[in-house]
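Position 318 of the sequence shown, counting from 1, maps to 318 under the working numbering, and the rest follow consecutively. All C-beta atoms, glycine included, are put in the ideal place defined by N, C-alpha and C.
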Amino acid sequence: MHRRSLLLATGTAALSLAMPKVSRSAAGRTLRHVPHVDLAFLDPHWTTANITRNHGFMVFDTLYGQDENYAAAPQMVEGHVVENDGKLWTLRLREGLLWHDGERVLARDCVASIRRWAQRDAFGGALMRATDELSAPDDRTIRFRLKKPFPLLPDALGKSPVYMPAMMPERLAKTDAMQQITEIVGSGPFRYKADERLQGSRNVYERFAGYKPRESGTPSGTAGPKVAYFDRVEWTTITDASTAAAAMQSGEQDWWEHANHDLLPVLRRSRSIKVEVVDPAGILSMMRPNHLQPPFDNPEIRRIVMRAIDQESYMQAIVGDDPSMYHTPIGVFCPGTPMASDAGLEPLRGPRNYDKVKADLKAAGYAGEKVVLLVPSDYAVIKPLGDVAADMFSKIGMNVEYVSTDWGTLLQRRTNKGPVEQGGWNCFVTNWNGTDWMTPATHIAMRGTGEAGYAGWSTSPRTEELYEAWYEAPDDAARARICQDIQRQCMTDVPFYPLGQMRQPSAWRNNITGVLGGFAKFWNVRPA
Numbered sequence: 001m002h003r004r005s006l007l008l009a010t011g012t013a014a015l016s017l018a019m020p021k022v023s024r025s026a027a028g029r030t031l032r033h034v035p036h037v038d039l040a041f042l043d044p045h046w047t048t049a050n051i052t053r054n055h056g057f058m059v060f061d062t063l064y065g066q067d068e069n070y071a072a073a074p075q076m077v078e079g080h081v082v083e084n085d086g087k088l089w090t091l092r093l094r095e096g097l098l099w100h101d102g103e104r105v106l107a108r109d110c111v112a113s114i115r116r117w118a119q120r121d122a123f124g125g126a127l128m129r130a131t132d133e134l135s136a137p138d139d140r141t142i143r144f145r146l147k148k149p150f151p152l153l154p155d156a157l158g159k160s161p162v163y164m165p166a167m168m169p170e171r172l173a174k175t176d177a178m179q180q181i182t183e184i185v186g187s188g189p190f191r192y193k194a195d196e197r198l199q200g201s202r203n204v205y206e207r208f209a210g211y212k213p214r215e216s217g218t219p220s221g222t223a224g225p226k227v228a229y230f231d232r233v234e235w236t237t238i239t240d241a242s243t244a245a246a247a248m249q250s251g252e253q254d255w256w257e258h259a260n261h262d263l264l265p266v267l268r269r270s271r272s273i274k275v276e277v278v279d280p281a282g283i284l285s286m287m288r289p290n291h292l293q294p295p296f297d298n299p300e301i302r303r304i305v306m307r308a309i310d311q312e313s314y315m316q317a318i319v320g321d322d323p324s325m326y327h328t329p330i331g332v333f334c335p336g337t338p339m340a341s342d343a344g345l346e347p348l349r350g351p352r353n354y355d356k357v358k359a360d361l362k363a364a365g366y367a368g369e370k371v372v373l374l375v376p377s378d379y380a381v382i383k384p385l386g387d388v389a390a391d392m393f394s395k396i397g398m399n400v401e402y403v404s405t406d407w408g409t410l411l412q413r414r415t416n417k418g419p420v421e422q423g424g425w426n427c428f429v430t431n432w433n434g435t436d437w438m439t440p441a442t443h444i445a446m447r448g449t450g451e452a453g454y455a456g457w458s459t460s461p462r463t464e465e466l467y468e469a470w471y472e473a474p475d476d477a478a479r480a481r482i483c484q485d486i487q488r489q490c491m492t493d494v495p496f497y498p499l500g501q502m503r504q505p506s507a508w509r510n511n512i513t514g515v516l517g518g519f520a521k522f523w524n525v526r527p528a
């Protein structure tokens, strides 16, 4: 804390050297924001990184939005008609929608975008499996002919968790879903200024004058009118928490997305700064093992390690010992939501016996294989998870190799399915928004689709059976029972290790107002 106090005292001078000055007149039109991590990848169909999702909602729009009660509402579409006992959906685009290059948004653009997104997203994949034909009969009409009713169609096309169902021009949407698009052209309220990007440092957006917000409704989540009140939004990556706090105190920055928990008392003492938890679903943490490579290709070893997980230690490493700022134990689904339960969580309860775990690992066949643990050095609310995990692995006798890298490099390396000798890996730590884990439809990490799935490549035929049954369930009570079975199965297969739920405060200066709940969104925010 002494080093942080020093930086806070001298932060303004340090920032004056590191950051461009903004004139008083320009500052009134520019919103200056510190994101939770650098924006390494720009294609929201390509990565599960939440920072890319946040970027995606600035630049791209979606056919439906999701309000703060998680209900779907028309966004790019003016509405829809459902016929033929729920097997024919006709969606009608709003008039006047434009791409950032000035071209009209056409139904065929959206059809191509849906097809591309559905190749990566589980919810989208479920929708397409239920679809017999997806077409664009005219420039403003999107038509789904379904094999069977799919009442969650608007929820799929309006989901806010990753992967976001971003609509993009047909020429971009025809890009292979496994390759990133090379041009960022959307129809959202902001245009991306690729010419001003400084990798690892800055990303810039400008208000799109041709954007047409919805004419009615109330801004809520990603639903309702998206009105941009700032001409320009600058994201400045500041990896050091003390420097970010100093920038907030001095007025160099207006909004810090993920305020560091250690520095909350300092921020709260400032009359110019508001500190608030804006997302009630919180942040959920996990460690993902690689199911393709030893030692975690052995399901018994995965289960034994679960008994060494002390969720409180992971949460306290980030938020401190204030129990109001975290929740444990957690399982597969977001606590406090309808699909969450305590079913099967016995391995996460009670005291941890590291010596017993160490002996059981040896009996299960662990023979000292290297465990390469990927940890992002520039991600303040993830790095401590890696530090605790490395200590845990050492205590249970595993040969851990702590690999510290920036977040973008970690995202790239985790796509490597090979052995560690060929640049592969064994575990990584990461966070998700609580909304990502609300239902099986949006929960990528619980899936058991093997090498076709999320990095870590868990295979579980039983989980997949339950996943499909969830869609067929007649009501929420039946869906909740299926989720209990999914959680029990995940405790057996161990697709990932749940590490806890934290409440993440955001901080903004009192010169802005209109910050919406949930993840960081930049419409509706205006000068105070």
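Cβ-based burial, residue i [other Cβ within 10 Å; buried from 16]
i	result
D493	buried
H234	Residue identity differs from the one stated: residue 234 is Glu in this sequence, not His. Flag for E234 reads buried.
E252	buried
H2	Residue confidence for H2 is low, a pLDDT of 33 falling below 50, so the modelled location carries little weight and cannot support an answer.
D101	exposed
G96	exposed
E585	In the structure displayed, the chain extends from 1 to 528; residue 585 sits before or after that span and is not available.
Q199	exposed
D476	exposed
N203	buried
N69	exposed
P323	exposed
Residue i (DSSP reduced to helix, strand or coil)
i	result
F428	strand
L15	Unreliable placement is indicated for L15, whose pLDDT of 36 sits below 50; the coordinate value is still reported in the next sentence. Three-state DSSP puts L15 in a helix.
I238	coil
G65	strand
T463	helix
N54	helix
M178	coil
R197	coil
T90	strand
E206	strand
L39	coil
A73	strand
P289	strand
L348	helix
K521	coil
Where the alpha helix (DSSP H) through residue i begins and ends
i	result
R481	D476 to D493
S113	A107 to A118
V305	P299 to M306
K395	K383 to K395
E276	Element bounds for E276: not the alpha helix (DSSP H) but the beta strand (DSSP E), I273 to V277.
R171	E170 to A173
P154	L153 to L157
P505	Segment P505 to R509 is the beta strand (DSSP E) holding P505; no alpha helix (DSSP H) there.
L267	L264 to R268
Cβ distance (whole Å) where residue i is taken to contact residue j below 8 angstroms
i	j	result
R214	A228	That belief does not hold up - the Cβ atoms of R214 and A228 are roughly 13 angstroms apart, past 8 angstroms.
Y205	M76	At roughly 19 angstroms, the Cβ-Cβ gap does not stay under 8 angstroms, so Y205 and M76 are not in contact.
E170	R232	Not really, about 29 angstroms apart at Cβ, beyond 8 angstroms.
D85	P149	7 angstroms
G331	P498	6 angstroms
Run of the beta strand (DSSP E) containing residue i, from where it starts to where it stops
i	result
F144	T141 to L146
T435	It is not in any beta strand (DSSP E) - T435 carries neither H nor E in the DSSP assignment.
F190	F190 to Y192
E133	T131 to D138
V82	V77 to E83
E312	E312 -> not in any beta strand (DSSP E); alpha helix (DSSP H) instead, spanning Q311 to V319.
H501	His is not the amino acid found at residue 501; the sequence shown has Gln there. Its beta strand (DSSP E) spans residues Y497 to M502.
W407	Looking at the DSSP string, W407 is not in any beta strand (DSSP E); the run it does join, the alpha helix (DSSP H), is W407 to R413.
K358	From DSSP, K358 is part of no beta strand (DSSP E) but of the alpha helix (DSSP H) over Y354 to A363.
V375	K370 to P376
R32	T30 to V34
* Asked: If you pair each beta-carbon of the segment 52–61 with each one of the segment 152–165, do three or more pairs fall below 8 angstroms?
  -> yes
* Three-pair Cβ contact test at 8 angstroms for the segment 507–524 versus the segment 388–401 -> no
* To do: Kindly confirm or deny that the segment 189–199 and the segment 119–136 touch, where touching means at least three C-beta pairs closer than 8 angstroms.
  => no
* Tell me, please, whether the segment 437–452 touches the segment 333–350 by the rule of three or more beta-carbon pairs shorter than 8 angstroms. => yes
* If we count Cβ pairs, one from each stretch, closer than 8 angstroms, do we get three or more for the segment 26–45 versus the segment 397–410? -> Touching, per the Cβ criterion.
* **Meets three-Cβ-pair contact criterion under 8 angstroms: the segment 346–360 and the segment 375–386** => no
* Taking 8 angstroms as the threshold, find out whether the segment 269–281 comes into contact with the segment 451–469 through three or more Cβ pairs. => no
* To do: Say whether the segment 313–327 touches the segment 452–462, bearing in mind that this needs 3 or more beta-carbon pairs closer than 8 angstroms, one atom from each stretch.
  => no
* To do: Tell me, please, whether the segment 475–483 touches the segment 291–299 by the rule of three or more beta-carbon pairs shorter than 8 angstroms.
  => no
* Taking three-plus beta-carbon pairs below 8 angstroms as touching, is the segment 168–186 in contact with the segment 115–129? -> Taking 8 angstroms as the limit for Cβ pairs, the verdict is that the segment 115–129 does touch the segment 168–186.
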